[in-house]
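In the UniProt record's numbering, the protein residues as written are 1 to 321.
Structure representation (structure tokens):
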């Protein structure tokens, strides 16, 4: 479920400092040139060729293991050696206890403001604005995390307009987002990687929780105080809200496949189409063949990281491909 990039021999993610239970930050070696000196928003040049992100944000898939995440961070460190990397891991508790995600996104929002500084006014035209951040968002876990990061970043601002939206950024959605709750796909996601007796014990609990959510979403009256919201639909809508906290996104790409057992490829294509209709710049809709969920980098490493680089640099926009 990860790329073939070489991982350092030390413990995975040992170069990341913990900010919370599931949030950590990597800062480049002090001997490297300052990451904050390149890739900034100078106003009128859409391409970022030759300049690394001032900050890279990874919103991982649910239950992702450090050794798998480390394959992505190792490649990002090689591509952008002066860029800090902010990692927010998605865990099952974020869905069974939704309020728990706040403890992870709040320190992430604070770190983001510390690294990037105060936000200026929204750009008049995202097409002529340099992104400051590169976001890699994996699966529904990462999509939901990013939605809560929008909210935490906005809440940490005293300004409801300029400083409430994330700074200019380019986003790569990997196997993401799912546009609505799916019972069978959610069972697959919640039990991924669990085998043997543990799986037999976990399955009834998962079915109980998901059956409640499914029934409440479909049959509970809207006035019912315990009626849950669809977390996937809410996150999906937030990513495409041009008036909301993602309005400063400069461009985005989608990496996906029909073989994905967790996220319906038709939903991703629908989300991309809707994004374009609402004014977001979709520069890549990259469909891989034969690659499972969050395994596109492993399937074709060169192609995958080419998408990441070109999305950051805006080359597809410039070349009109």
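The beta carbon of each residue, even a glycine, is placed where N, CA and C say it ideally should be.
- Counting the other CB atoms within 10 Å of its CB gives residue 174 a total of 16 or more, which places it among the buried residues.
- CA-to-CA, the gap between residue 208 and residue 99 works out to about 20 Å.
- Secondary structure of residue 294 (DSSP, three-state): coil.
- DSSP places residue 115 within a helical segment (H, G or I) once states are collapsed to three.
- Fully contained in the segment 247-299 are the following beta strand (DSSP E) runs of length 3 or more, in chain order: 249-257 and 282-288.
- Residue state for residue 18 is assigned as strand, using DSSP reduced to three classes.
- In this chain, the alpha helix (DSSP H) harbouring residue 308 covers 301-313.
- Boundaries for residue 76: no beta strand (DSSP E) harbours it, while the alpha helix (DSSP H) harbouring it runs 66-79, taken from the DSSP string.
- The beta carbon of residue 265 lies closer than 6 Å to those of 256 and 258 in the same chain, with the five residues before and after it left out.
- Secondary structure of residue 174 (DSSP, three-state): strand.
- Here the segment 262-281 does not lie against the segment 301-311, with fewer than 3 beta-carbon pairs under 8 Å apart.
- Burial of residue 135 is indicated by the presence of at least 16 other C-beta atoms within 10 angstroms of its C-beta.
- By the criterion of a C-beta distance shorter than 8 Å, residue 59 is surrounded in its chain by 88, 90, 135, 136, 137, 138, 141, 142, 143, 145, 146 and 149, once the five residues flanking it on both sides are discounted.
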